[in-house]
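Residue numbering for the sequence shown follows numbering that gives the first Met the number 0, starting at 0 and increasing by one per position.
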Amino acid sequence: MPSPDLAALQQVIRSSSSIVVLAGAGLSTASGLSTFRGPGGLWRTYNAMDLATPQAFKHNPSRGWEFYEYRRQKALAAVPNAAHTLLASLSSPSLRHSLIPACSSFTHITQNVDSLSVRALASLPPSASPSDPNHLVEMHGSVVVPYCTAVLLLVVGTSGTVYPAAGFATRVRRGGGKVAVFNLEASDGDDDADFVVLGKCEDTLLDAFGVANGSL
């Protein structure tokens, strides 16, 4: 069973050389933003399939824009909480070293679209700014800046049938993106792809990008 021993966890954190954070809606609850499936969550009030899918937006664009504008205004009115600030601090090499000297690598992957993690980073003093902007990855973009993105997921050298990786292709396609698989042979996960290119990835991947072998 998982251990509730906080002291043991703290020891693991202090001795970790690399940390990856995967964050969800609960990170922003203290900022006044609702979760989706928890108590008071959005999907307990609204039907996700009526609002948060490409099909729903195509069926009723006005309602879709109204829903996301509501979420955008809520996000703009919110402010980063202590958890956002801590994670932002860990993205700064100097601040991270003062907290976890052994940790040389930190990545924050957020499923949230409220951009509170971005604002927490922006609030750091200039001397503590992260040297690598890729420390923070917004998986689903942001409702704060209304723009459309076309995501292309390249699945290279894997069947993509083992979770959590297996869910990536489904998420991308549901969001209107495209999935291309490069693999040596066909697999069960190919049905979720828009393109399947079979062969040696050291050849097929270069061909897809129009790059001659040996030119890199």
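Glycine included, every Cβ here is placed at the ideal spot set by N, Cα and C.
Worksheet item: Does the stretch 66-76 touch the stretch 132-142, meaning 3 or more C-beta pairs lie closer than 8 Å?
Response: Yes, the stretch 132-142 touches the stretch 66-76.
Practice prompt. Assign residue 206 to buried or exposed, taking buried as 16 or more other Cβ atoms, counted over all protein chains shown, within 10 Å of its Cβ.
Written response: Here residue 206 refers to the residue found at position 207 when the sequence shown is read from its first residue. With fewer than 16 Cβ atoms within 10 Å of its Cβ, residue 206 is classed as exposed.
Practice prompt. Return helix, strand or coil for residue 194, following the three-state DSSP convention.
Written response: Translated into the one-based positions of the sequence shown, residue 194 becomes position 195. Note: residue 194 maps to strand in three-state DSSP.
Discussion item. Mapping the DSSP letters down to three states, classify residue 106 as helix, strand or coil.
Written reply: The residue labelled residue 106 in the question sits at position 107 within the sequence shown. In the structure shown, residue 106 adopts extended strand secondary structure according to DSSP, grouped into three states.
Worksheet item: Counting Cβ pairs closer than 8 Å, one from the stretch 89-104 and one from the stretch 52-69, do we hit at least three?
Response: With a cut-off of 8 Å, the stretch 52-69 and the stretch 89-104 do not count as touching, because too few Cβ pairs lie within range.
Practice prompt. Please look up how many angstroms separate the CB atoms of residue 79 and residue 33, rounded, as I've assumed it's under 8 Å.
Written response: On the sequence shown, residue 79 is found 80 positions in, with the first residue counted as 1. On the sequence shown, residue 33 is found 34 positions in, with the first residue counted as 1. The C-beta distance from residue 79 to residue 33 rounds to 17 Å, too long to meet the 8 Å contact threshold.
Fill in: Burial state of residue 19, where buried means 16 or more other Cβ atoms lie within 10 Å
The residue you call residue 19 lines up with position 20 of the sequence shown. Looking at its Cβ environment, which holds fewer than 16 other Cβ atoms inside 10 Å, residue 19 is exposed.
Worksheet item: How is the beta strand (DSSP E) around residue 18 delimited, first residue to last?
Response: The residue you call residue 18 lines up with position 19 of the sequence shown. Run containing residue 18: 17-22, per the beta strand (DSSP E) assignment.
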